[in-house]
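Undergrad:
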Amino acid sequence: MSAIKYFLTLGVIGWLVLGLGGCGDSDSDGGAERQENASASTATHSHSGVKETPGPNGGRVIKSVQPAFEFFVLKNRHVQLTYLDDQMQPIPAVINARISLIGGDRMSPSSLTFMKSGDVLQSDKPLPPGDRYPVILTIEQNSEIIPVQEKFNVDFSVCGSCNLQEYACICGH
Ligand SMILES: [Zn+2]
């Protein structure tokens, strides 16, 4: 039983139970938010209105694990994960961190895995096509016994307030 297969299975399960209704941040782009399965979702992020510190590359900072890391989409749509210290400075990737991503079209989502490349982790494949869709990161590192799942929208539209792409928006709107 390969760990990767176990991991992807976990992601798929998370994907199946993912409710898209947790985030109502499509105020400006008017996207038709899908309503099915919208009930049981407990959104992991809050629209607190508190401006947060952006990642060093302008990506989304994932803080549900320690150390935190930045989720940043490169120009070739590969995802780069950069681990950060408390001052948001890059540090070498956690040894033995196992991270996978599932996302894209709900009928045929794509699965990405991450591998160490120098001090960062990079996805084995690019993100699937599209400018806005939900993804789930499944993260296992250090002492976490149960993998952490982080759910958010990859949204490449630019926020008018902080000028970051919406997936990395720090405005808390
Ligand atoms: Zn913003």
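Sequential numbering from 4 applies to the sequence shown in our numbering.
Backbone N, C-alpha and C fix where the C-beta goes; we use that ideal spot for every residue, glycine too.
Provide the residue span of the beta strand (DSSP E) that contains isoleucine 102, from first to last.
TA: On the sequence shown, residue 102 is found 99 positions in, with the first residue counted as 1. Per DSSP, isoleucine 102 belongs to the beta strand (DSSP E) from 101-106.
Undergrad: Just to confirm, does serine 164 get its C-beta within under 7 Å of one of the non-hydrogen atoms of ligand 1?
TA: For the purposes of this step, residue 164 is taken as residue 161 along the sequence shown, with counting starting at 1. Flag set: Cβ of serine 164 near ligand 1.
Undergrad: Run through DSSP, which three-state label would glutamate 2 get?
TA: As shown, the chain starts at 4 and ends at 176. That puts residue 2 outside it, with no answer to give.
Undergrad: Assuming leucine 77 contacts leucine 104 under a Cβ cut-off of 8 Å, what Cβ separation, rounded to an integer in Å, is found between them?
TA: In the sequence shown, residue 77 corresponds to position 74, counting from 1. In the sequence shown, residue 104 corresponds to position 101, counting from 1. Wrong, their Cβ atoms sit about 14 Å apart, outside the cutoff.
Undergrad: Taking Cβ to Cβ, would you say isoleucine 102 is nearer than 8 Å to leucine 124?
TA: Stepping through the sequence shown from its first residue, residue 102 is reached at position 99. Stepping through the sequence shown from its first residue, residue 124 is reached at position 121. It is a contact, given that the beta carbons lie within the stated cut-off.
Undergrad: Just to confirm the assignment, what range does the beta strand (DSSP E) spanning asparagine 156 have?
TA: Locating residue 156 in the sequence shown gives position 153, counting from the first residue. Residues 151-158.
Undergrad: Leaving out the 5 sequence neighbours to the left and right, which residues in its chain are closer than 8 Å to valine 161 when beta-carbon positions are compared?
TA: Taking the first residue of the sequence shown as position 1, residue 161 is located at position 158. Within the same chain, valine 161 has close Cβ partners Leu167, Gln168 and Glu169.
Undergrad: Hey, out of Lys128, Gly58 and Ser113, whose CA is closest to tyrosine 1's CA?
TA: No answer is possible for residue 1: the residues shown for the chain start at 4 and end at 176.
Undergrad: Does any residue of chain D bring its CB to less than 8 Å from the CB of arginine 109?
TA: The structure shown contains no chain D, having only a single protein chain.
Undergrad: Let me check one thing: in DSSP terms, what residues is glutamate 73 bridge-paired to?
TA: Locating residue 73 in the sequence shown gives position 70, counting from the first residue. Val64 and Thr85, per the DSSP bridge assignment.
Undergrad: So is the beta-carbon of leucine 167 under 7 Å away from any non-hydrogen atom of ligand 1?
TA: By one-based count along the sequence shown, residue 167 stands at place 164. Yes, the Cβ of leucine 167 comes within 7 Å of a heavy atom of ligand 1.
Undergrad: Assign aspartate 158 to buried or exposed, taking buried as 16 or more other Cβ atoms, counted over all protein chains shown, within 10 Å of its Cβ.
TA: The residue you call residue 158 lines up with position 155 of the sequence shown. It is buried - the Cβ of aspartate 158 has at least 16 other Cβ atoms within 10 Å.
Undergrad: Got a sec? Which residues, its chain only, sit under 7 Å from proline 57 by beta carbon, not counting five neighbours each side?
TA: In the sequence shown, the residue the question calls residue 57 occupies position 54. Around proline 57: Leu167, Ala171 and Ile173.
Undergrad: To the nearest angstrom, how far is the alpha carbon of leucine 87 from that of phenylalanine 117?
TA: Here residue 87 corresponds to residue number 84 of the sequence shown, with the count starting at 1. Here residue 117 corresponds to residue number 114 of the sequence shown, with the count starting at 1. Roughly 17 Å between the two C-alpha positions.
Undergrad: Distance check for methionine 110 and alanine 71, CA to CA, integer angstroms please.
TA: For the purposes of this step, residue 71 is taken as residue 68 along the sequence shown, with counting starting at 1. For the purposes of this step, residue 110 is taken as residue 107 along the sequence shown, with counting starting at 1. Between alanine 71 and methionine 110, the C-alpha separation is close to 31 Å.
Undergrad: From which residue to which residue does the beta strand (DSSP E) around aspartate 134 run?
TA: Locating residue 134 in the sequence shown gives position 131, where the first residue counts as 1. Element bounds for aspartate 134: n/a, residue is neither H nor E.
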